[in-house]
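Numbering (the numbering used here), first residue to last: 1 to 121.
Shown next as structure tokens:
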């Protein structure tokens, strides 16, 4: 049975927000991006207060060849901004990025809050 850690009565009172991020890579670079995420990048998210909810690759072409979509949970928009700043300054992240470089052709970030009828409440 799956238990949603964000399904609490006071989730909205705590101002939880979700961030949906979509990365589009240059041709041929998605495997490197996926290896980087699976090789420690997601652990760095957790280290800096960002909770990974899920990570996906689209099924259909052409997006399946160059796109990663993922969802993060944050305590608030302010916490998200602080987490991203800390992540960007982390020496471990800089080493990882240098060791496995990926060029993104597009990055989309959308912040969302759950509706009253959402299971995420």
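Backbone N, C-alpha and C define an ideal beta-carbon position, used for all residues, glycine too.
Please read these numbers as outputs of a predicted model, since none were measured by experiment.
- [ ] Compare the Cα-Cα distances from residue 28 to each of 101, 107, 108 and 117 and report the closest residue.
- [x] Reading the chain shown from its first residue, position 28 is the one you call residue 28. Measuring from the Cα of residue 28, the nearest candidate turns out to be 101.
Open item on the list: Is the separation between the beta-carbon of residue 42 and that of residue 32 shorter than 9 Å?
Closed with: Counting from 1 along the chain shown, the entry for residue 42 is found at position 42. Counting from 1 along the chain shown, the entry for residue 32 is found at position 32. It is not a contact, given that the beta carbons lie outside the stated cut-off.
Task: Beta carbon of residue 50 nearer than 9 Å to that of residue 72 - done: Along the chain shown, read from residue 1 onward, the residue named residue 50 stands at position 50. Along the chain shown, read from residue 1 onward, the residue named residue 72 stands at position 72. Cβ distance < 9 Å, so residue 50 and residue 72 count as in contact.
Open item on the list: According to DSSP, is residue 80 part of a helix, a strand, or is it coil?
Closed with: Translated into positions along the chain shown, residue 80 becomes position 80. In the structure shown, residue 80 sits in a helix (DSSP, three-state: H, G or I).
Task: Rounded separation between residue 85 and residue 16 - CA only - done: As a position in the chain shown, residue 85 is number 85, starting the count at 1. As a position in the chain shown, residue 16 is number 16, starting the count at 1. A straight-line Cα-Cα distance of about 18 Å links residue 85 and residue 16.
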